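Following: one structure in structure tokens, then a few remarks.
2 protein chains.
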Amino acid sequence: MSKLLEDVVGELSKLPGIGRRTALRLAIHMLRMERSDVSSMTSAIDAFRNNIRYCSRCNNLSDSELCPICSDAGRDRSVVCVVEQVGDVMSIENTRQYKGLYHVLGGVISPMQGIGPSDLKIDLLLENIARGEIKEVILAIGTTVEGETTQFYITRRLEECKDVKVSTIARGIGFGDEIEYADELTIAHAIHNRTYVK
Amino acid sequence: MSKLLEDVVGELSKLPGIGRRTALRLAIHMLRMERSDVSSMTSAIDAFRNNIRYCSRCNNLSDSELCPICSDAGRDRSVVCVVEQVGDVMSIENTRQYKGLYHVLGGVISPMQGIGPSDLKIDLLLENIARGEIKEVILAIGTTVEGETTQFYITRRLEECKDVKVSTIARGIGFGDEIEYADELTIAHAIHNRTYVK
Numbered sequence: 000m001s002k003l004l005e006d007v008v009g010e011l012s013k014l015p016g017i018g019r020r021t022a023l024r025l026a027i028h029m030l031r032m033e034r035s036d037v038s039s040m041t042s043a044i045d046a047f048r049n050n051i052r053y054c055s056r057c058n059n060l061s062d063s064e065l066c067p068i069c070s071d072a073g074r075d076r077s078v079v080c081v082v083e084q085v086g087d088v089m090s091i092e093n094t095r096q097y098k099g100l101y102h103v104l105g106g107v108i109s110p111m112q113g114i115g116p117s118d119l120k121i122d123l124l125l126e127n128i129a130r131g132e133i134k135e136v137i138l139a140i141g142t143t144v145e146g147e148t149t150q151f152y153i154t155r156r157l158e159e160c161k162d163v164k165v166s167t168i169a170r171g172i173g174f175g176d177e178i179e180y181a182d183e184l185t186i187a188h189a190i191h192n193r194t195y196v197k
Numbered sequence: 000m001s002k003l004l005e006d007v008v009g010e011l012s013k014l015p016g017i018g019r020r021t022a023l024r025l026a027i028h029m030l031r032m033e034r035s036d037v038s039s040m041t042s043a044i045d046a047f048r049n050n051i052r053y054c055s056r057c058n059n060l061s062d063s064e065l066c067p068i069c070s071d072a073g074r075d076r077s078v079v080c081v082v083e084q085v086g087d088v089m090s091i092e093n094t095r096q097y098k099g100l101y102h103v104l105g106g107v108i109s110p111m112q113g114i115g116p117s118d119l120k121i122d123l124l125l126e127n128i129a130r131g132e133i134k135e136v137i138l139a140i141g142t143t144v145e146g147e148t149t150q151f152y153i154t155r156r157l158e159e160c161k162d163v164k165v166s167t168i169a170r171g172i173g174f175g176d177e178i179e180y181a182d183e184l185t186i187a188h189a190i191h192n193r194t195y196v197k
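So the protein lines, in turn, are chains D and U. Numbering that gives the first Met the number 0 applies: residue 0 is where the first sequence begins, and numbers increase by one. Numbering that gives the first Met the number 0 applies: residue 0 is where the second sequence begins, and numbers increase by one.
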């Protein structure tokens, strides 16, 4: 096999979810792309990997010291939404409903993977709160065992912040989901926290 | 959102089978990779796109004028296996059973997509045969309507080559496949072309 092809297939198949067959398909596709388009792609990857930073305030990915959200004067600085990772910020931003700030933990507490509270940006969250602007913390963390543990831990740490409300996002049946396929815990919770319409 | 992140997600999601969500996951993964590993990957992509060539004899991807298979003195030059595309060569090579040469058509005849016989490397195949070394042509082309059309067309063109045998690969139930789920044409063909074991 061509060494150039072997190299590109080998490199691409190191990425998660991309096997040798998919890597080959991607390589063949690149041959049909303009050279300039392929080089735009590789330049974007290199620029991203070499120049991306973490926002010093919220730990979100950023091009500079502060991320675009933290430096946006139009955002509500009294609310902070705590999420596990960068992708969660994008999911919430896509709703165009939330106007507060974020705080990216960078993971969840997971003794199995050797991730303790000190590996997450929890102290940074408390430092931000200590500056006095934040009045509410919304915990938008996954409902896995690790997520629940993390939420419990953060809630306890936030007990010392007297004038700060703490909430968690609503759990229930998602729009478009069938009740039939929802787990019992979710159904029980959804019935208990029902909304009166009349 | 960070412009560096937006750029890399935008570029990666142009690739087939990669949506914005997968692109984001890949980008985040790259942050966990060493910078040198990311740059090895982008260099391999650029080198591939800018330097890859097509073998002047078999039309396979190649680093030089002739591909490694065509320039391998150990291969049987009397047999040529005709395939649609580069990936097929790799699939057949992986079996380690076939020792002849290949001929990559570069597609199949598809009037719907505007691909006619002259868009495929069929003349090159006949030129190679005209040199006299080739004694058998194995057609290993997919059983789609386009594949069958292509096979029919090539078979007709090969009629003029008197001393050359032409075969097609066996059709039947694949190893590991359930007869229950095979289509009727395949089952009928498999029964008709049965192998006697006693």
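A virtual CB, placed ideally from N, CA and C, is assigned to each residue, including glycine. Note that the coordinates shown come from a computational prediction; the quantities given were computed from them, not determined experimentally.
| beta strand (DSSP E) containing U/K164: first to last residue? | K164 to T167
| message | Can you pull out the residues from the stretch 74 to 88 of chain U whose beta carbon lies closer than 9 angstroms to at least one beta carbon of chain D? | response | Residues Q84, V85, G86 and V88.
| message | For a contact defined as C-beta to C-beta under 8 angstroms, what are the partners of D/I133 on chain U? | response | Near D/I133 there are no residues of chain U at all, since even the closest Cβ is about 22 angstroms away, more than 8 angstroms.
| message | Suppose you measure from the CA of D/T41 to the CA of U/R56; what does that come to, to the nearest Å? | response | Spanning the alpha carbons of D/T41 and U/R56 requires a straight line of approximately 31 angstroms.
| said: Any beta carbon from chain U within less than 9 angstroms of D/A43's own beta carbon? | reply: yes
| Runs of alpha helix (DSSP H) lying entirely within the stretch 74 to 128 of chain U, each at least 4 residues, in chain order | 85 to 93
| said: According to DSSP, D/L60 sits in a beta bridge with which residue or residues? | reply: D/Y53
| Validate contact between the stretch 93 to 113 of chain U and the stretch 71 to 84 of chain U using beta carbons, cut 8 angstroms, 3 pairs | yes
| Would you call the CB atoms of D/S199 and U/C66 closer than 9 angstroms? | Residue 199 of chain D lies beyond the stretch modelled for chain D, which goes from 0 to 197, so this question has no answer here.
| Can you find a C-beta in chain D that's less than 9 angstroms from the C-beta of U/S117? | no
| task | Report all residues from its chain with a CB closer than 8 angstroms to the CB of U/G18; omit the five preceding and five following residues, and keep chain order. | result | S12
| field | Under 8 angstroms (Cβ pairs) to chain C, residues found in the stretch 49 to 71 of chain U | value | In the displayed structure, chain C is absent; the protein chains listed are D and U.
| query | Okay, do the stretch 135 to 144 of chain D and the stretch 153 to 165 of chain D touch, 3+ Cβ pairs below 8 angstroms being the bar? | reply | yes
| field | chain D contact for U/H102 (CB, 9 angstroms cutoff) | value | no
| message | Against chain U, does D/P110 count as a neighbour if the rule is that its beta carbon must be under 9 angstroms from one of theirs? | response | Judged by the 9 angstroms Cβ criterion, D/P110 is not in contact with chain U.
| Of the listed residues U/F47, U/L4 and U/S117, nearest to D/D200 (C-alpha basis) | Here chain D has residues from 0 to 197 only, and residue 200 of chain D is not among them.
| message | Under DSSP, the beta strand (DSSP E) around D/V136 begins and ends at which residues? | response | E135 to A139
| query | If you check the beta carbons only, do D/V199 and D/T143 fall under 9 angstroms apart? | reply | The first residue shown for chain D is 0 and the last is 197, placing residue 199 of chain D beyond what the model contains.
| field | Best match in D/R170, D/K197, D/Y180 and D/D176 for proximity to D/H191 [C-alpha to C-alpha] | value | D/R170
| task | Starting from D/R34, find everything on chain U with Cβ-Cβ shorter than 7 angstroms and list it in chain order. | result | R48 and N49
| Which bits of chain U does D/I27 rub up against, with CB to CB less than 8 angstroms? | Q84, V85 and G86
| From this set, D/I178, D/G113 and D/I68, which residue's C-alpha is nearest D/G92's C-alpha? | The question names Gly, but residue 92 of chain D in the sequence shown is Glu. When only C-alpha atoms are compared, the closest one is D/I68.
| message | Do D/M29 and U/R24 have their beta-carbon atoms positioned less than 9 angstroms apart in this structure? | response | no
| request: Look at the alpha carbon of D/G115 and the alpha carbon of D/A129, and state the distance between them as a whole number of angstroms. | output: 23 angstroms
| Using the beta-carbon count (16 or more within 10 Å), is D/T149 buried or exposed? | buried
| request: Measure how close the beta-carbons of U/G105 and U/L119 come, nearest whole angstrom, since I'm counting them as under 8 angstroms. | output: 6 angstroms
| message | Helix, strand or coil for D/E183? Go by DSSP, reduced to three states. | response | helix
| query | By a C-beta neighbour count over all protein chains shown, 10 Å radius and 16 as the cutoff for buried, is D/N127 buried or exposed? | reply | buried
| task | With DSSP collapsed to three states, give me the class of U/T143. | result | Residue state, collapsed to three classes: coil.
| request: Please compile the residues from chain U whose C-beta is within a distance smaller than 8 angstroms of the C-beta of D/S201. | output: Limits of chain D in this structure are 0 at one end and 197 at the other, which puts residue 201 of chain D out of reach.
| field | Residue environment, U/N58, which counts as buried when at least 16 other CB atoms sit within 10 Å | value | buried
| Cross-chain neighbours of U/V107 in chain D, by beta carbon under 8 angstroms | Simply none; closest approach about 15 angstroms.
| request: Classify D/S70 as buried or exposed, calling it buried when 16 or more other Cβ atoms lie within 10 Å of its own Cβ. | output: exposed
| Counting only beta-carbon atoms, is D/E10 nearer than 9 angstroms to chain U? | Under the Cβ distance rule, D/E10 counts among the residues neighbouring chain U, one pair being separated by less than 9 angstroms.
| request: Just tell me which of U/R193, U/G131 and U/I27 has its CA closest to the CA of D/R52. | output: If we check each option's Cα against that of D/R52, U/I27 comes out closest.
| DSSP on D/A198, reduced to helix/strand/coil? | This structure gives no information on residue 198 of chain D, because the portion of chain D shown stretches from 0 to 197.
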